[in-house]
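Inspection log for the structure reproduced underneath, given as structure tokens.
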Amino acid sequence: MSARSAAPSLRPVAAVTTGSGDRDVARAEARARRRLLVLGLRVALAVFIVGSWELLTTLNCYGPDSATCIVDPFFFGKPSGIYQQLVTWVNNGTAQGPLWEQIAVTLEETILGFAIGVVLGILFGVVLGVNRLLSDVAGPYIKALNAMPRVVLGSIFIIALGFEIWSKVALAVVLVFFVVFFNAFQGVREVDRDLLANARILGADQGQISRHVILPSALTWIIASLHTSFGFALVGAIVGEYLGARRGIGLMISTAQGTFNANGVYAAMLILAILAIVAEWLVTKLEDRLIRWRPNAITEIGI
Amino acid sequence: MTPAIELRGVTKRFVNPAGTSFTALRDLDLSVPPGEFCAVVGPSGCGKSTTLALVSGLEPPSVGEVRVLGEPVKGVGRSVGYMFQRDAVFPWKSVLDNVAAGPLFRGASSRDANARARDWLERVGLSGFDRYYPHQLSGGMRKRVALAQTLINGPQILLMDEPFSALDVQTRALMENELLDLWSATSASVVFVTHDLEEAIALSDRVIVITAGPGTVKSQYLVDIPRPRNITEVRFIPRFIELYQVIWNDLRDEVLVSYERSKRRAVA
Chain A
1 MSARSAAPSL RPVAAVTTGS GDRDVARAEA RARRRLLVLG LRVALAVFIV GSWELLTTLN
61 CYGPDSATCI VDPFFFGKPS GIYQQLVTWV NNGTAQGPLW EQIAVTLEET ILGFAIGVVL
121 GILFGVVLGV NRLLSDVAGP YIKALNAMPR VVLGSIFIIA LGFEIWSKVA LAVVLVFFVV
181 FFNAFQGVRE VDRDLLANAR ILGADQGQIS RHVILPSALT WIIASLHTSF GFALVGAIVG
241 EYLGARRGIG LMISTAQGTF NANGVYAAML ILAILAIVAE WLVTKLEDRL IRWRPNAITE
301 IGI
Chain H
1001 MTPAIELRGV TKRFVNPAGT SFTALRDLDL SVPPGEFCAV VGPSGCGKST TLALVSGLEP
1061 PSVGEVRVLG EPVKGVGRSV GYMFQRDAVF PWKSVLDNVA AGPLFRGASS RDANARARDW
1121 LERVGLSGFD RYYPHQLSGG MRKRVALAQT LINGPQILLM DEPFSALDVQ TRALMENELL
1181 DLWSATSASV VFVTHDLEEA IALSDRVIVI TAGPGTVKSQ YLVDIPRPRN ITEVRFIPRF
1241 IELYQVIWND LRDEVLVSYE RSKRRAVA
């Protein structure tokens, strides 16, 4: 045995050097390539679907009767026809007035219904969440109301509130309310017990506990419900207009349906889809603002 | 002199919704003189945390009496500070707002509360982190926020429920030293619950051993190691090792009882 190994050294062993960062560069390039690939495939998918729709409704069409086409555009519309319909609406207006007016009316109903439904939902959710007695008393009634298919209320609202916007707003409110209510209620019930205890020790009274602990904690749940509930508000407005209205996108759909104008139905659907996407984007922005404190806000999962 | 904290013949039972009751503490007598740092050790599930909940007023005792500063405890009082085992800082409040919460809840103006909070952030070495959110901080830094949040109210009674158990060994020693520094500048009485006997001896003036649940006081030991102490170095002092051996002899039996029970429960 050598003398060196007999006397162990207390000096630290030299630090292990790590490899160069080359792999990271390669990985970043691979990620960029993949992003491009995904984007390219997305566009290709859209071109494929719209293109084959157009082709199938154009090929093999002879004479005035569209029934000879591979897919009958009379029933299924065709992309170029939908585009023509949109151009007509933009330039010449719809059967019930300018296109922008229809969009504005539907949006107004949706936003009003959404806002009122959200406020009521949060209010009832928090109050019943905090107050055990109230929630025990009201619980079964709320469950019963929720179990009812609420779209049927649309007819009642049309009878009671008429053909103007308030019957649609009411239907949107009813649809939005329950979604937000259940989330707010659950959010209040899920508040961390240690946080509540801490707030009490620090000197918070019941009001301060609600404001500083319960509401912020429930906000994560409430905001999660806003994504779905804006969609519900739109459904409420459209179905309301469908049941009876003088203006709005729902009425446009119902008119197009009445005249067997498949392109009209699709064109209106396209407008609705765009509205829904813009709204979703706005809600996400709001979410980012309101819950900045969250570790990693749940981002959309690749879709 | 009236003790800062006094529990006399305290029993605490919890009844779960199924109707079965569980006795956490039985006939516990405990008294902490003003300004003392008292450590409570015992096997897990012996009711250490329950003791703190009773002193803080978060839970009432089933039987017996709890007095704080000579007054019977009726609900959460203003003289108590409480550091929880888990992170109890508000995740939606910035570091500054977290520390300022106490004064704000107790009626200070937001300007005054913020000024005091900044002062406390400096004392715990977190100035410059005002605008951060808790999730952006390390575990040790979050504990500092919790410490500042608790101490800003100037509590005369400081209750600590294994506050550093989730930290790594080095950070833990740092935090313990920091706690002793900050505490020595106050006249607060401390009840520090832990299952770590080394931590208990290193920090405290007195170690109280609680029996396996239902908990009651088994024995008490004065820690006659002079202050100021350095947490990492105090462990090498012969007196520390002596104390450790004596108290561990006592604690071991309780830990074994508790362990046997948990094994039997697992089998059943």
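Chains A and H, in that order, give the protein sequences. As numbered in the numbering used here, residues 1 to 303 make up the first sequence, in order. As numbered in the numbering used here, residues 1001 to 1268 make up the second sequence, in order. For every residue, glycine included, the Cβ atom is placed at its ideal position computed from N, Cα and C. Note that this is a predicted model, so its numbers are computed, not measured.
- Taking a beta-carbon distance threshold of 8 Å, W1120 (chain H) does not count as an interface residue toward chain A.
- Interface with chain H (8 Å Cβ-Cβ cutoff): V213 (chain A) is included.
- Taking a beta-carbon distance threshold of 8 Å, A224 (chain A) does not count as an interface residue toward chain H.
- A Cβ-Cβ distance of about 5 Å is found for the pair F1129 (chain H) and V1095 (chain H), placing them in contact under the 8 Å criterion.
- A1039 (chain H) is not a Cβ neighbour of L1151 (chain H), given a cutoff of 8 Å.
- Membership of F1014 (chain H) in the beta strand (DSSP E) is indicated by the continuous run I1005 to V1015.
- For T1050 (chain H), the CB contacts under 6 Å within the same chain, skipping 5 residues up- and downstream, are K1012, A1024 and L1025 in chain order.
- In this structure the region 1112–1131 of chain H does not touch the region 1167–1177 of chain H; the number of beta carbon pairs closer than 8 Å is below three.
- Shown here for L1251 (chain H): same chain residues with a beta carbon closer than 7 Å to its own, the five before and five after excluded, namely V1041, L1197 and V1209 in chain order.
- Remark: C-beta atoms of G1102 (chain H) and G1077 (chain H) do not approach each other more closely than 8 Å.
- Close CB contacts of R1144 (chain H) within its chain, under the 6 Å cut and outside five residues either way in sequence, are with V1124 and L1126 (chain order).
- Contact between S1187 (chain H) and P1034 (chain H) holds, since their C-beta atoms are separated by about 7 Å, short of 8 Å.
- Using a C-beta cut-off of 8 Å, the region 1003–1019 of chain H makes contact with the region 1064–1073 of chain H, since at least three inter-stretch Cβ pairs fall below that distance.
- When beta bridges are read from the DSSP output, S1031 (chain H) appears opposite H:E1006.
- For A170 (chain A), the closest of A:F74, A:F75 and A:L112 by C-alpha to C-alpha distance is A:L112.
- Taking 8 Å as the CB threshold, W1092 (chain H) lines the interface with chain A.
- Assigned with DSSP and collapsed to three states, T1186 (chain H) falls in coil, not helix or strand.
- In its chain, beyond the 5 residues on either side, T106, E109, T110, K168 and A172 have a beta carbon closer than 6 Å to the beta carbon of A237 (chain A).
- Among the bridge pairs identified by DSSP, C1038 (chain H) is matched with H:V1191 and H:R1206.
- Counting along the chain, M148 (chain A) sits inside no beta strand (DSSP E), nor does DSSP assign it H or E at all.
- For I201 (chain A), a Cβ of chain H is located within less than 8 Å of the residue's own Cβ.
- Rounded to the nearest whole angstrom, the CA to CA distance from L215 (chain A) to M1160 (chain H) is 27 Å.
- Secondary structure note for R1067 (chain H): its beta strand (DSSP E) is the uninterrupted segment V1063 to V1068.
- In this structure G231 (chain A) does not touch F181 (chain A) by the C-beta definition: roughly 16 Å separates them, more than the 8 Å allowed.
- In the three-state DSSP reduction, K1218 (chain H) falls in the strand class (E or B).
- Any Cβ of chain H closer than 8 Å to the Cβ of A184 (chain A) would place that residue at the interface, and such an atom is absent.
- Residue environment for H1135 (chain H): exposed (fewer than 16 other C-beta atoms within 10 angstroms of its C-beta).
- Residue-level contact check: L195 (chain A) touches chain H, since one or more beta carbons of chain H fall below 8 Å from its beta carbon.
- Distances from the CA of I82 (chain A) to each of A:W53, A:L243 and A:K285 were compared; the closest alpha carbon is that of A:W53.
- Taking a beta-carbon distance threshold of 8 Å, S1056 (chain H) counts as an interface residue toward chain A.
- Beta-carbon to beta-carbon, W1092 (chain H) and W89 (chain A) are separated by about 46 Å, too far to satisfy the 8 Å threshold.
- For V191 (chain A), no alpha helix (DSSP H) run applies, since DSSP gives it neither H nor E.
- Straight-line measurement puts the Cα of F185 (chain A) at about 12 Å from the Cα of D136 (chain A).
- For E1176 (chain H), the secondary structure class from DSSP, reduced to helix, strand or coil, is helix.
- The distance from the Cβ of F114 (chain A) to that of V176 (chain A) is about 6 Å, consistent with a contact at the 8 Å cut-off.
- Within the region 75–91 of chain A, not one residue has a Cβ closer than 7 Å to any Cβ of chain H.
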